[in-house]
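So the protein sequences, as listed, match chains A and B.
No gaps in the numbering here: position 17 of the first sequence is 17 in our numbering, and each next residue is one more.
Heads up: take any position in the second sequence, counting from 1, add 246, and you land on our numbering.
Every residue, glycine too, gets a C-beta built ideally from N, C-alpha and C.
Taking it in order: structure first as structure tokens, then the write-up.
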Amino acid sequence: MATIVMVGATSGIGSATAREFAQAGYDLVLAGRNMEKLSRLGADLGIRFGVRTEIISYDALLPEAGTRLYEQIVERFDPDGLIIFHGALPDPAEVNRDASAARECMEVNFLSVVELLVPFANHFEERMRGWIAVVGSVAGDRGRQSNYAYGAAKGGLAVYLQGLRNRLAPRGVHVLTVKPGLVDTDMTSGMEGLARRIMASPERVARDIYRAVRRRSNVVYTPFFWKYIMWIVRLIPESLFKNMKF
Amino acid sequence: MTGFEKELSGWGRYPRQVCRVHRPETAAEIRELLADAGAPPMIAFGMGRSYGDAPLNLRRSVVMTGRMNRMLRFEEHTGLLECEAGVTLEEIIRVFLPRGFFLPVTPGTKYITVGGAVANDVHGKNHHRDGCFSGHVESFRLLAADGSVLRCSRTENPDVFRATIGGIGLTGIILSVELKLMRVESAYVRVRYETANHVEEAFRLFQEDDDRYQYSVAWIDCLARGRSLGRSILMRGNHASREELEAYGTGAKDPYAVRPRRQWRVPFELPGQVLNPWSIRLFNEAYYLMHARKKEEIVDYDRFFYPLDAVLHWNRAYGPRGFVQYQAVLPDARAFDGIVGLLESFSSSRRSSFLAVLKRMGEANDGLLSFPMRGYTLALDLPLHDEGLLPMLRKLDEFVLSRGGRIYLGKDAILSAEHFREMYPSHDRFRSILRGLDPNQRFSSSMSRRLELTET
Numbered sequence: 001m002a003t004i005v006m007v008g009a010t011s012g013i014g015s016a017t018a019r020e021f022a023q024a025g026y027d028l029v030l031a032g033r034n035m036e037k038l039s040r041l042g043a044d045l046g047i048r049f050g051v052r053t054e055i056i057s058y059d060a061l062l063p064e065a066g067t068r069l070y071e072q073i074v075e076r077f078d079p080d081g082l083i084i085f086h087g088a089l090p091d092p093a094e095v096n097r098d099a100s101a102a103r104e105c106m107e108v109n110f111l112s113v114v115e116l117l118v119p120f121a122n123h124f125e126e127r128m129r130g131w132i133a134v135v136g137s138v139a140g141d142r143g144r145q146s147n148y149a150y151g152a153a154k155g156g157l158a159v160y161l162q163g164l165r166n167r168l169a170p171r172g173v174h175v176l177t178v179k180p181g182l183v184d185t186d187m188t189s190g191m192e193g194l195a196r197r198i199m200a201s202p203e204r205v206a207r208d209i210y211r212a213v214r215r216r217s218n219v220v221y222t223p224f225f226w227k228y229i230m231w232i233v234r235l236i237p238e239s240l241f242k243n244m245k246f
Numbered sequence: 247m248t249g250f251e252k253e254l255s256g257w258g259r260y261p262r263q264v265c266r267v268h269r270p271e272t273a274a275e276i277r278e279l280l281a282d283a284g285a286p287p288m289i290a291f292g293m294g295r296s297y298g299d300a301p302l303n304l305r306r307s308v309v310m311t312g313r314m315n316r317m318l319r320f321e322e323h324t325g326l327l328e329c330e331a332g333v334t335l336e337e338i339i340r341v342f343l344p345r346g347f348f349l350p351v352t353p354g355t356k357y358i359t360v361g362g363a364v365a366n367d368v369h370g371k372n373h374h375r376d377g378c379f380s381g382h383v384e385s386f387r388l389l390a391a392d393g394s395v396l397r398c399s400r401t402e403n404p405d406v407f408r409a410t411i412g413g414i415g416l417t418g419i420i421l422s423v424e425l426k427l428m429r430v431e432s433a434y435v436r437v438r439y440e441t442a443n444h445v446e447e448a449f450r451l452f453q454e455d456d457d458r459y460q461y462s463v464a465w466i467d468c469l470a471r472g473r474s475l476g477r478s479i480l481m482r483g484n485h486a487s488r489e490e491l492e493a494y495g496t497g498a499k500d501p502y503a504v505r506p507r508r509q510w511r512v513p514f515e516l517p518g519q520v521l522n523p524w525s526i527r528l529f530n531e532a533y534y535l536m537h538a539r540k541k542e543e544i545v546d547y548d549r550f551f552y553p554l555d556a557v558l559h560w561n562r563a564y565g566p567r568g569f570v571q572y573q574a575v576l577p578d579a580r581a582f583d584g585i586v587g588l589l590e591s592f593s594s595s596r597r598s599s600f601l602a603v604l605k606r607m608g609e610a611n612d613g614l615l616s617f618p619m620r621g622y623t624l625a626l627d628l629p630l631h632d633e634g635l636l637p638m639l640r641k642l643d644e645f646v647l648s649r650g651g652r653i654y655l656g657k658d659a660i661l662s663a664e665h666f667r668e669m670y671p672s673h674d675r676f677r678s679i680l681r682g683l684d685p686n687q688r689f690s691s692s693m694s695r696r697l698e699l700t701e702t
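Below, the structure is given as structure tokens:
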């Protein structure tokens, strides 16, 4: 059965998506920092769906982690697809105050992902088969004062993926950019009020990702209504937007 | 792991309390919370199917275990499943029934967590034969107040084991459970229906040949009075064997396949007047007539064990004030008189109920706060229309106590601390184990404060 590599599989969206693909019968290679959590996830999916799972340690902030992970994987497996979930929402005050915190935000959310994409893209391009999906964010659609460091990282990532899509399309390899809005996971656990009420469940996002992969979509906003929200947000003229607070 | 404020309630939707909710994905996250000495006390919350305030903690912390729901290990030859406490019975059935395994004990809903099943020491229609849920638990891992993880079984940390089963979450947070599943030949149950025109007849039928059935229950029309007091329909059955399935013509290809049932739902809270003495009486009549003709049939496990799960959120039908579930057990010797007394009180006060259930119970187990005892148990719902209900229930508690019986904490929302102490004589032993395990009372709940088991 086909094998999918999932990096950052222990994130809220990652585990839900792993379950979705395991249910469809895919074998999985799960990479992340918390081996304990990964092994529980793997055991669970194996028991529930009878699929094979392998776990590999991966920390986005360690030097050359992405290259090493790629080498470990292709040595033992023949992946059909790659999904990258990992990311970290930094504390805005810290990121505004401290340049090294800002840099780390770019590392985790953008650069470490690029480091993974380079070898895997080449791998799929050569074989002329495979697909790549990366979880970005609606925050990348426009920089706003409350989370622009995170937004910039995800925004830059979206442009990178656009280019990758352009390069790989003639080779039959499709690239999916996933743009979730607010999702009910660890990342948003501190939020309350309106934010909490409009949060989507990770299960719903996982279903959207699964469907988008099957349909070979290019960009998917999840839940769908964020597409329209961001379209409006992007339309606001900069001279107005710069004075808004949200 | 920061939390957020949310109004929570049990299945009876009474009481409703604002609590600080946390949803950990690992034990490490809970440990962090425990390590913070300034953090408020906490209690675990599974699927919220207990009826009262057992998993609530007014203005304090509630730890939702739903995201700790991984299955960890399964041994095909023994049927032993190790899973995290947030796994639901429904998930277990979904994964393992197709492989030929079922739950050895199950209550009337499958939407409960394994942790909740242990903390309430749930029972089903087969208590007289197979005991409580805890009887099939080999061990569990408990996160204690000091952050340590204790493996508990009848031989390892046996005191903590006995305090935790039925212990309403006060000993700590159950992290994972080892449960022995039961092999079954099919996903079907062969059920026999009998009508009893009076509660006396129901008792006689139970006593006569209940031993032939693994599962037995009687549905009682609580509104019937006089000569029809306690008129009921007995539903008793056994798992259907392959031969029985073939003879009946069901499940020809796959004995574990079941046609999915149409799911109804009550989409929003109904106004309090919808369920009233008249509408409920109408329902009771219709239900009685519908079942009075049947004799025997083969039904799938979902219809036999979980008829109510077919209507999601059925508790919303009781309106904004919610309802109270009253479940008491009366010991063998005085069970008959006691049940008659209870039925007479309910029917004469015209306090109606949809679902009244009478079951036989077997011996009590070693759980310090475990509910069942040898005798009979009566359970029913009572809409909270007016204030007159609560004083009446307290009088009934007194009555139950006088007959040597007790109330089921998993259903309770109103029991007094004094009655609790008399009903559960092992509470002293429970309290002393708690003092050793959790000296600073890091675990508490609205129920524990009400029953005066904790002060925090």
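**Q.** Where the beta strand (DSSP E) containing Pro685/B begins and where it ends
**A.** Pro685/B: not part of any beta strand (DSSP E); DSSP gives it neither H nor E.
Q) What number of angstroms, rounded off, separates the C-alpha of Tyr572/B from the C-alpha of Tyr58/A? A) Tyr572/B and Tyr58/A: Cα-Cα distance of roughly 53 Å.
Q. Between Leu318/B and chain A, is there a C-beta pair that is closer than 7 Å?
A. Output row for Leu318/B: interface = yes.
Q. Using a beta-carbon distance below 7 Å, is Val341/B in contact with chain A?
A. yes
(Q) Taking only three categories from DSSP, how would you classify Cys378/B? (A) coil
Q. Counting Cβ pairs, one atom from each stretch, are 3 or more of them under 8 Å apart for the stretch 681-698 of chain B and the stretch 389-402 of chain B?
A. yes
Q. What in chain B is Cβ-close to Leu41/A, meaning under 9 Å?
A. Per Cβ cutoff of 9 Å: Arg316.
Q) Does the count of Cβ pairs from the stretch 336-353 of chain B and the stretch 71-79 of chain A closer than 8 Å reach three? A) no
Q. Given 8 Å as the limit, is there contact between the stretch 403-412 of chain B and the stretch 296-309 of chain B, that is, 3 or more CB pairs closer than that?
A. no
Q. Rounded C-beta distance between Met638/B and Tyr622/B? I'm assuming under 8 Å.
A. About 21 Å separates the two Cβ atoms, so there is no contact after all.
Q.
So if DSSP puts Arg266/B in a beta bridge, which residue, or which two residues, is it bridged to?
A. DSSP, once it has assigned bridges, lists Glu251/B, Ser307/B as partnering Arg266/B.
(Q) Please classify Tyr228/A as buried or exposed, where buried requires at least 16 neighbouring CB atoms within 10 angstroms. (A) Only exposed fits Tyr228/A, as fewer than 16 other CB atoms lie within 10 angstroms of its CB.
Q: Report yes or no: is there a C-beta of chain B within less than 7 Å of the C-beta of Glu192/A?
A: yes
Q) Taking all protein chains shown into account, do 16 or more other C-beta atoms lie within 10 angstroms of the C-beta of Asn366/B, making it buried, or fewer, making it exposed? A) buried
Q: Flag Arg48/A as yes if its beta-carbon sits less than 7 Å from any beta-carbon of chain B, otherwise no.
A: Yes, Arg48/A lies at the interface with chain B (some Cβ there is under 7 Å from its Cβ).
(Q) Run through chain E and tell me which residues come within less than 9 Å of Asp91/A, C-beta to C-beta. (A) Protein chains in the displayed structure are A and B, and chain E is not among them.
Q.
My assumption, with CB atoms under 8 Å, is that Thr3/A sits in contact with Asp78/A. Please give the rounded CB distance.
A. 7 Å
Q. Could you give the distance in angstroms between the alpha-carbon of Met35/A and the alpha-carbon of Tyr502/B?
A. 36 Å
Q) Per DSSP, Pro577/B forms a beta bridge with which residues? A) Partner(s): Gly621/B.
Q) Do the stretch 251-258 of chain B and the stretch 206-225 of chain A touch if we need at least three Cβ pairs shorter than 8 Å? A) no
Q: Please name the residue or residues paired with Gly155/A in a DSSP beta bridge.
A: According to DSSP, Gly155/A bridges with nothing at all.
Q | Arg511/B - partner residues in DSSP beta bridges | A | Leu558/B
Q) Can you tell which of Ile198/A, Val220/A, Met191/A has the C-alpha that lies nearest to the C-alpha of Lys179/A? A) Residue Val220/A is the option with its Cα nearest to Lys179/A.
Q) Checking contacts by CB at 7 Å: is Ser189/A closer than that to chain B? A) yes
Q: Would you mind working out which of Leu117/A, Gly193/A, Ser201/A sits nearest Ile13/A, comparing C-alpha positions?
A: Ser201/A
Q) What is the rounded straight-line gap between the Cα of Ala18/A and the Cα of Ser137/A? A) One C-alpha to the other measures close to 19 Å.
Q. CB-CB under 8 Å to Tyr547/B, same chain, minus the five flanking residues each way: which ones, in chain order?
A. Sequence-distant Cβ neighbours of Tyr547/B in its own chain, meaning closer than 8 Å and more than five residues away, are Ile339, Leu343, Phe348, Ala433, Tyr434, Val435, Val504.
Q: Figure out for me which residue from Glu664/B, Arg620/B, Gly584/B has the closest Cα to the Cα of Val445/B.
A: Gly584/B
Q.
Counting only C-beta atoms, is Thr417/B closer than 7 Å to chain A at any point?
A. no
Q | Ala331/B versus Asn315/B: straight-line alpha-carbon distance, rounded | A | Taking the straight line from one Cα to the other gives about 6 Å.
Q: Tell me the start and end of each unbroken beta strand (DSSP E) in the stretch 63-104 of chain A that is at least 3 residues and wholly inside, in chain order.
A: 81-84
Q: Spell out whether any CB of chain B is found under 7 Å from the CB atom of Asp59/A.
A: no
(Q) Tell me the DSSP secondary structure of Met481/B in three-state form. (A) strand
Q. Where Asp184/A and Tyr459/B are concerned, what is the direct C-alpha to C-alpha distance, given to the nearest angstrom?
A. 46 Å
**Q.** Spatial distance of Glu447/B from Ser591/B (CA atoms)
**A.** 19 Å
Q.
Quick check for students: name the residue ranges of the beta strand (DSSP E) that lie wholly in the stretch 301-366 of chain B, counting only runs of 3 or more.
A. 307-310, 317-321, 326-330
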